[in-house]
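Report on the structure given below.
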Amino acid sequence: PFDLVIPALENQDALKCLQNCSRHDVLPILFDFDAYTITSSKIESDRLLAGIHIPAPVPYPDCGFPVIVKPSRGSGSKGIYVIHDLKQLKSHLATAPGEQVIQKFVDGPSYSMEIIGYPGNYWPLQVTELEMDPVFDCKRVMAPSGLSRKIIGDFEKISTVIAETLALKGLMDIEVILDNDVLRVLEIDARLPSQTPVTVHASTGINMLQFLAEQHCPPPENVAKTDVAQRGVVYEHIRVTDNTLTVTGEHAMASAGPLRLEKDFFGADEAFTCQSENRTDWVATLIISAENRTVAWEKREAVIAGIMQFFNLSTYKDRYPINHHVDNS
Numbered sequence: 094p095f096d097l098v099i100p101a102l103e104n105q106d107a108l109k110c111l112q113n114c115s116r117h118d119v120l121p122i123l124f125d126f127d128a129y130t131i132t133s134s135k136i137e138s139d140r141l142l143a144g145i146h147i148p149a150p151v152p153y154p155d156c157g158f159p160v161i162v163k164p165s166r167g168s169g170s171k172g173i174y175v176i177h178d179l180k181q182l183k184s185h186l187a188t189a190p191g192e193q194v195i196q197k198f199v200d201g202p203s204y205s206m207e208i209i210g211y212p213g214n215y216w217p218l219q220v221t222e223l224e225m226d227p228v229f230d231c232k233r234v235m236a237p238s239g240l241s242r243k244i245i246g247d248f249e250k251i252s253t254v255i256a257e258t259l260a261l262k263g264l265m266d267i268e269v270i271l272d273n274d275v276l277r278v279l280e281i282d283a284r285l286p287s288q289t290p291v292t293v294h295a296s297t298g299i300n301m302l303q304f305l306a307e308q309h310c311p312p313p314e315n316v317a318k319t320d321v322a323q324r325g326v327v328y329e330h331i332r333v334t335d336n337t338l339t340v341t342g343e344h345a346m347a348s349a350g351p352l353r354l355e356k357d358f359f360g361a362d363e364a365f366t367c368q369s370e371n372r373t374d375w376v377a378t379l380i381i382s383a384e385n386r387t388v389a390w391e392k393r394e395a396v397i398a399g400i401m402q403f404f405n406l407s408t409y410k411d412r413y414p415i416n417h418h419v420d421n422s
C-alpha cells in the first residue's frame with residue numbers, strides 16, 4: 094500500500110483518474126484538484142489575481158506594444174511569443190490554437206516561490222531567481238534570490254493572499270517578475286514544480302515532499318522550519334553537441350531519454366545526465382552549491398570550463414531572451 098501519492102504531472106487524463114481514485118478512497122492523494130483547476134488556466138488565474146488586486150502585467154489592449162502572448166493552458170515556454178505590432182499580433186492569433194493570454198511585455202528579473210499549507214496555516218518557502226533561454230524556457234535557477242528583505246516579505250504576503258483566496262490545500266508555485274521594485278505575478282500553479290524543489294533543498298535542506306507530507310498528517314512539534322541558513326546554489330541545464338556547450342531550457346532534458354544521477358560530475362555536486370563514453374550529443378542538469386551564491390557561481394564557471402576542456406569543446410553559448418535582464422553578481 095501507498096502511504097501518500099503526490100502527483101508531479103500535468104496530464105489531464107492522468108489527473109482525472111487520480112481524482113476519481115481519491116474520491117473513492119482508493120489512494121491517499123495529496124493534490125488540490127480544485128485549486129489546480131483554476132491555476133491550470135492562465136485566464137482564470139488572471140481573473141482571480143485582478144479580483145484581489147494582485148499586481149500583474151497589464152492586459153492588452155490596455156497596454157502598448159511589445160506584448161507577450163501565451164496559451165491559457167500549459168506550463169513552461171511552449172507557445173510563448175513576443176509581439177511588436179498589431180499586424181504581427183493579428184497574424185499570430187489567426188493561427189494560434191486555443192485561448193491566448195495577451196499582456197504587456199515586462200523586462201526584468203524573474204523569481205519563484207513555493208507556498209505550502211492549508212487555510213489559516215501557510216508557509217512560504219525560499220525565493221529563487223529564474224533565468225530563461227531565448228524561447229522563455231527556464232534554463233537556470235539560483236538561490237538565494239539576492240532580493241531585499243522587504244521585497245521577499247512582499248512576495249510572501251502576495252503568495253499567502255493568493256493561497257488563502259484559493260483555499261489551497263497543499264502546494265502552489267508562484268512566478269513573478271520584478272518591475273521597478275513592483276512584483277508582478279506572471280503565473281500561479283497549484284502543483285509540484287519540476288526545478289525549484291531541488292534548488293531549495295540544496296540551499297536550505299528543506300525537502301518539499303517531506304514538508305507536504307507533514308502538512309497532510311501534521312505532528313505540530315515536527316513541522317519543518319522555513320527560516321534556515323541558505324547556501325548558494327546554481328541549478329542549470331546544459332547540452333553538449335557539435336563541439337559546443339549550450340546552456341539550454343528544461344525542454345532539452347525532457348527529450349533526452351533516460352537520465353541517471355551522478356555525484357561530483359566534473360566538479361558539480363550532482364548532475365542528472367545521459368552522458369556516456371559513446372555519446373557526442375548529451376545533456377546534463379548541473380546542481381552546484383557553495384557557502385554563498387558568489388562562490389557557487391565561481392564554482393559553476395570552473396565546472397563549465399572543466400567540461401569544455403575535457404571534451405575539447407570550442408564554443409560556449411548562454412543566450413537570453415532579447416532585452417532580458419541579466420545579473421549574476
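Heads up: the sequence shown begins at 94 in my numbering, then just goes up one per residue.
Glycine included, each C-beta is placed from N, C-alpha and C at the ideal position.
These numbers were taken from a predicted model, which means no experiment stands behind them.
For residue j and residue i, the rounded distance between their alpha carbons
i      : j      : result
Val316 : Ala295 : Because the pLDDT at Val316 is just 49, under 50, the model does not fix this residue reliably, and the point stays unresolved.
Arg284 : Val254 : 17 Å
His208 : Gln323 : Here the sequence assigns Ile to residue 208, which means His is not the residue at that position. Taking the straight line joining both Cα atoms gives about 17 Å.
Gln181 : Ile281 : 28 Å
Val85  : Asp178 : Absent from the structure is residue 85, since the part of the chain shown begins at 94 and ends at 422.
Tyr129 : Asp230 : 21 Å
Ile381 : Asp155 : 42 Å
Lys171 : Val228 : 8 Å
Val269 : Ile244 : 11 Å
Proximity below 7 Å, CB of residue i to CB of residue j
i      : j      : result
Pro100 : Phe126 : no
Tyr204 : Ser238 : yes
Leu218 : Val293 : yes
Val333 : Phe359 : no
Lys135 : Val194 : yes
Leu259 : Leu305 : no
Gly342 : Cys367 : no
Arg242 : Pro150 : no
Ala345 : Val376 : yes
Gly325 : Asn385 : yes
Residues near residue i in its chain [Cβ-Cβ closer than 7 Å; skip 5 each side]
i      : result
Gln402 : none
Ala361 : Leu379, Ile380, Ile381 and Val396
Lys109 : none
Thr337 : Leu406, Thr408 and Lys410
Pro212 : Glu257 and Ala260
Chain-order list of residues whose beta-carbon lies under 8 Å from that of residue i (same chain, five-residue window excluded)
i      : result
Arg233 : Leu223, Glu224, Val327, Tyr328, Glu329, His330 and Val340
Val275 : Pro148
Tyr215 : Ile208, Ile209, Ser252, Thr253, Ala256, Glu257 and Leu261
Residue span of the alpha helix (DSSP H) that contains residue i, given as start and end
i      : result
Tyr129 : Phe126 to Thr132
Arg393 : Arg386 to Phe403
Ala51  : The displayed coordinates of the chain run from 94 to 422. Any statement about residue 51 would go beyond what the structure contains.
Val254 : Arg242 to Leu259
Residue i CB to nearest heavy atom of the ligand PLP below 6 Å
i      : result
Ser115 : This structure simply doesn't include the ligand PLP, nor any ligand for that matter.
Limits of the unbroken beta strand (DSSP E) element including residue i
i      : result
Val98  : Taken as a continuous stretch (DSSP letters only), Val98 belongs to no beta strand (DSSP E), as it is neither H nor E.
Glu355 : Arg353 to Phe358
Beta-carbon contacts of residue i that lie in its chain and below 6 Å, excluding the five residues immediately before and after
i      : result
Met301 : Pro290
Thr132 : Ser138, Ile281, Asp282 and Ala283
Ser422 : Low confidence applies here, because Ser422 scores a pLDDT of 43, under 50, leaving its location unreliable; read the following figure in that light. Excluding sequence neighbours, Ser422 sits near nothing in its chain.
Exercise for the section: Flag this pair as touching only if the segment 186 to 201 and the segment 151 to 161 have three or more C-beta atom pairs under 8 Å; answer yes or no. Expected result: Because the criterion of three Cβ pairs below 8 Å is met, the segment 186 to 201 and the segment 151 to 161 touch.
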